[in-house]
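Quick note, the sequences are listed as chains A and B, same order.
Residue numbers in the first sequence follow the UniProt record's numbering, run continuously in steps of one, and reach 230 at the last position.
Residue numbers in the second sequence follow the UniProt record's numbering, run continuously in steps of one, and reach 230 at the last position.
Ideal Cβ placement from N, Cα and C applies to all residues, glycine included.
Source: prediction; values computed, not measured.
Structure, as structure tokens:
There are 2 protein chains.
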Amino acid sequence: MANVQNLSKTRYVRVADQIESMIMRGEWQPGQRLPTLEELATMFAVSRAVVREACSVLVGAGLIEVRHGDGIYVKSFSLDSFLRPIHAAILLAASDARALLEVGMWLEGGIVEQATQRRRRQDCEFLSETLFMMEASREDAGRMMECERQFHVTLSECAGNEVAVNLLRILYQPLTGVMNLLLMDEDFRDEMITLHRALYDSIAVQDGESAKRHIQLYRRRAMDAMRNAK
Amino acid sequence: MANVQNLSKTRYVRVADQIESMIMRGEWQPGQRLPTLEELATMFAVSRAVVREACSVLVGAGLIEVRHGDGIYVKSFSLDSFLRPIHAAILLAASDARALLEVGMWLEGGIVEQATQRRRRQDCEFLSETLFMMEASREDAGRMMECERQFHVTLSECAGNEVAVNLLRILYQPLTGVMNLLLMDEDFRDEMITLHRALYDSIAVQDGESAKRHIQLYRRRAMDAMRNAK
DNA sequence: GACTATTTGTTCGTATGTATC
DNA sequence: CGATACATACGAACAAATAGT
């Protein structure tokens with residue numbers, strides 16, 4: 001394969017791209033140590049400073065880890081390594097937030113339908129505990145948000161669909177910012193608890209239609225609240 | 001606020017953190033230009049090189065954009081920042097075709113509902129054309145697959161939800177292999193055309209319920225066919 | 001625990017490429 | 001076109017952290 005490089009990009013970005021694709025191709029395995037900056041500089045025929053900047057880009061992307069006095073290591077792959085803290089929450093445009101909430105709503109509609117059928121008793125117990133915690137943290141918006149997230153992630157795990165679990169976790173990243181905003185309102189917190197309690201009951205008695213209705217009601221409510229807040 | 005910084009971190013990471021939090025706090029708005037490297041260096045009392053590396057980290061994180069000969073800009077949030085982790089999420093579970101099809105089904109359930117309401121006449125015309133092409137390529141599984149993909153992507157565009165469009169595009173990549181397998185069967189191809197025709201008609205007359213029923217029927221049919229094929 | 005080699009972190013000066021007016 | 005402002009790249013030097021002896 002010819003090493004075609006876009007010359008419009010700057011040097012350190014090109015080097016970052018090259019290192020990234022080498023990692024992706026598996027030439028350097030996760031956990032493994034990369035050559036030293038010196039060696040990389042020679043390898044790519046650039047100065048050490050350029051390699052350092054390229055590495056900094058990859059650090060920001062969560063692909064590698066640079067340890068002072070030690071070396072450069074490929075981060076092990078997990079979904080978490082891609083879930084870099086999304087700063088988007090605040091920068092999120094209103095239209096994008098709507099799109100995210102909407103997709104989350106559609107996704108969860110299917111998730112709860114499956115979850116009501118596949119849930120085990122132990123799942124219900126765990127969901128119930130989470131619900132209790134949610135009700136207990138009625139005064140603490142932050143903890144409540146965490147309970148809410150926990151509840152929905154657990155729910156997605158019940159559905160037995162790995163792709164859905166991963167997607168939901170990603171969608172939650174930028175949404176937490178939006179939700180935190182909404183949870184400032186005490187009435188919204190109360191409403192949220194009520195809806196989750198109803199949702200849980202539907203799942204417990206395995207009424208898929210009812211569960212789906214409640215989850216959609218909840219998400220739609222959040223979308224409305226967001227629209228008014230902005 | 002006291003400038004409490006974790007001294008275990010290196011300088012450029014600390015600077016990156018500081019710049020990030022300033023952006024988060026809205027001191028620099030999306031699209032706005034940051035001070036020059038020189039000024040940032042003075043501001044944080046570090047050398048230019050350190051600021052440059054800090055910026056490289058933020059470039060990797062997709063938070064800022066550095067334009068040669070121009071300046072440093074806060075990226076207005078683009079949905080692209082999601083595509084990377086979402087891509088990873090799908091790839092991590094790509095071997096599970098059932099999970100992919102299921103998520104696709106849930107997603108498209110919402111998409112068609114929106115699409116029936118928001119579609120314009122020109123959208124219908126384009127969908128109709130694609131449908132004709134699909135019917136014309138009854139003998140060619142490859143071309144048919146492409147028509148099918150085109151049809152569904154167009155549909156998602158009608159829904160006016162960019163997240164959904166991107167998500168569907170990504171989902172289709174690992175699915176093409178599976179679908180190609182199913183399309184080897186002539187009966188399945190015929191059935192597919194019939195279902196798409198019915199789906200199109202529902203959208204044309206803006207019957208959301210009917211459209212949703214048909215898309216779910218189609219995806220469920222594909223899931224069944226896949227199960228039998230294995 | 002101390003010493004040493006290795007490796008990354010930080011700084012500065014200088015030259016060059018690029019965008020804007 | 002020229003002038004200016006700015007980011008990019010290089011090399012050399014020293015500081016600081018780490019791992020191994």
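Practice task
Kindly indicate the opening and closing residues of the beta strand (DSSP E) around Glu148(A).
Solution key: Here Glu148(A) belongs to no beta strand (DSSP E); instead the alpha helix (DSSP H) covers 141–158.
Exercise. Please confirm if Ala97(A) has its CB atom under 7 Å from at least one CB of chain B.
Key: It does not; no Cβ of chain B falls within 7 Å.
Worksheet item: So what's Arg169(A) in DSSP terms, helix, strand or just coil?
Response: In the structure shown, Arg169(A) sits in a helix (DSSP, three-state: H, G or I).
Point to revise | Three-state class that DSSP yields for Glu65(A) in the structure shown | key: It is a strand residue.
Let's see if you can read the secondary structure: which residues bound the beta strand (DSSP E) around Val74(B)? For Val74(B), the uninterrupted beta strand (DSSP E) segment begins and ends at 71–74.
Are Leu101(A) and Met223(A) close, meaning C-beta to C-beta below 7 Å? In contact: Leu101(A) and Met223(A) (Cβ atoms closer than 7 Å).
Hey, how far is the Cα of Ile205(B) from the Cα of Arg14(A)?
Reading off the sequence, residue 205(B) comes out as Val, not Ile. So the two alpha carbons sit approximately 51 Å from each other.
- Message: Among the candidates Arg120(B), Leu167(B), Ala211(B), Asn228(B), whose CA atom is the shortest distance from the CA of Leu195(B)?
- Response: Leu195(B) has its Cα closest to that of Ala211(B), out of Arg120(B), Leu167(B), Ala211(B), Asn228(B).
- Would you call the region 121–135 of chain B and the region 150–169 of chain B touching, i.e. three or more CB-CB distances under 8 Å? With a cut-off of 8 Å, the region 150–169 of chain B and the region 121–135 of chain B count as touching, because enough Cβ pairs lie within range.
message = Using CA atoms only, rank isn't needed, just tell me which of Ala45(A), Leu199(A), Leu183(A) is closest to Met226(A).
response = Ranked by how close their Cα comes to the Cα of Met226(A), the residues Ala45(A), Leu199(A), Leu183(A) have Leu183(A) in first place.
Quick check: what's the CA-CA separation for Arg143(A) versus Glu129(A)? A direct Cα-to-Cα measurement between Arg143(A) and Glu129(A) gives close to 14 Å.
Quiz item: Which bits of chain A does Ala164(B) rub up against, with CB to CB less than 9 Å?
Solution: Proximity of chain A to Ala164(B) at the Cβ level (cut-off 9 Å) is accounted for by Ala99, Glu102, Val103, Trp106, in chain order.
Tell whether a beta-carbon distance below 7 Å holds between Leu37(B) and Trp28(B). Result no, Cβ atoms of Leu37(B) and Trp28(B) do not sit closer than 7 Å.
Does the distance from the C-beta atom of Val50(B) to that of Tyr12(B) stay below 7 Å?
Yes, the Cβ-Cβ distance between Val50(B) and Tyr12(B) is below 7 Å.
For Glu27(A), go through chain B and note every residue whose CB falls closer than 7 Å to its CB, in chain order. Within 7 Å Cβ-Cβ: nothing; Glu27(A) doesn't reach chain B, min ~18 Å.
*Taking DSSP as the reference, what is the three-state secondary structure of Arg118(A)?*
In the structure shown, Arg118(A) sits in a helix (DSSP, three-state: H, G or I).
field: Contact under 7 Å by Cβ, Met179(B) with Met145(B)
entry: A contact, by the Cβ cut-off of 7 Å.
7 Å Cβ cutoff, Ile90(A) in contact with chain B: At Ile90(A) the pLDDT is 47, less than 50, meaning the model places this residue with poor confidence and gives no usable figure here.
Query - Buried/exposed call for Met192(A), threshold 16 Cβ in 10 Å - result: Buried, by the Cβ-count rule.
In chain A, what lies closer than 8 Å to Glu65(B) by C-beta?
What Glu65(B) touches in chain A: nothing, since even the nearest Cβ is about 11 Å away.
Distance, Phe188(B) Cα to Gln18(A) Cα: The alpha-carbon atoms of Gln18(A) and Phe188(B) are separated by roughly 43 Å.
| task | Would you mind sorting Arg25(A) into buried or exposed? The rule is 16 or more other CB atoms within 10 Å of its CB. | result | With fewer than 16 Cβ atoms within 10 Å of its Cβ, Arg25(A) is classed as exposed.
Please tell me whether Val59(B) has its Cβ less than 7 Å away from any Cβ of chain A. It does; some Cβ of chain A falls within 7 Å.
**Asked** Can you tell me the Cα-Cα spacing of Ala136(A) and Arg52(A), whole angstroms?
**Response** CA-CA distance, Ala136(A) to Arg52(A), rounds to 49 Å.
Review point. In its own chain, which residues sit with a C-beta less than 6 Å from the C-beta of Glu20(B), not counting the 5 before and 5 after it?
Key: Closer than 6 Å at the Cβ level, and outside the excluded window around Glu20(B), lies no residue.
I need the boundaries of the alpha helix (DSSP H) containing Val50(B), first residue and last residue. Counting along the chain, the alpha helix (DSSP H) containing Val50(B) begins and ends at 48–60.
Next on the checklist: Quick check on Arg119(A): buried or exposed, where buried means 16 or more other Cβ atoms within 10 Å of its Cβ?
Outcome noted: When all chains shown are included, Arg119(A) counts as buried.
Strand pairing of residue 319(A), partner residues [DSSP]
The first residue shown for chain A is 1 and the last is 230, placing residue 319(A) beyond what the model contains.
* N-terminal and C-terminal residue of the alpha helix (DSSP H) that Met22(A) is part of -> Per DSSP, Met22(A) belongs to the alpha helix (DSSP H) from 11–24.
Who are the neighbours of Ala49(B) on chain A, taking C-beta pairs under 8 Å? Contact note: Ala49(B) reaches chain A through Ala49, using a C-beta cutoff of 8 Å and chain order.
task = Using a cut-off of 8 Å between C-beta atoms, extract the partners of Thr154(B) located in chain A.
result = Neighbours of Thr154(B) on chain A: none; closest Cβ ~17 Å, over 8 Å.
Inset, instruction - Please check if any C-beta of chain A sits within less than 7 Å of the C-beta of Tyr218(B). - result: Using a Cβ-Cβ cut-off of 7 Å, Tyr218(B) does not count as an interface residue toward chain A, since no Cβ of chain A sits closer than that to its own.
Given that Leu167(B) touches chain A, what residues does it touch there, using C-beta distances under 8 Å? What Leu167(B) touches in chain A: Val103, Leu167.
- request: Could you list which residues in chain A have their beta carbon closer than 7 Å to that of Arg52(B), in chain order?
  value: Residues of chain A passing the Cβ test: Glu53.
| task | Identify which residue in Ala229(B), Asp190(B), Leu40(B), Ala61(B) has its Cα closest to the Cα of Asp140(B). | result | Measuring C-alpha to C-alpha distances from Asp140(B) to each of Ala229(B), Asp190(B), Leu40(B), Ala61(B) identifies Asp190(B) as the nearest.
(request) Pull out every residue of the region 112–145 of chain B whose Cβ sits closer than 8 Å to any Cβ of chain A, in chain order. (result) Result list: Gln114.
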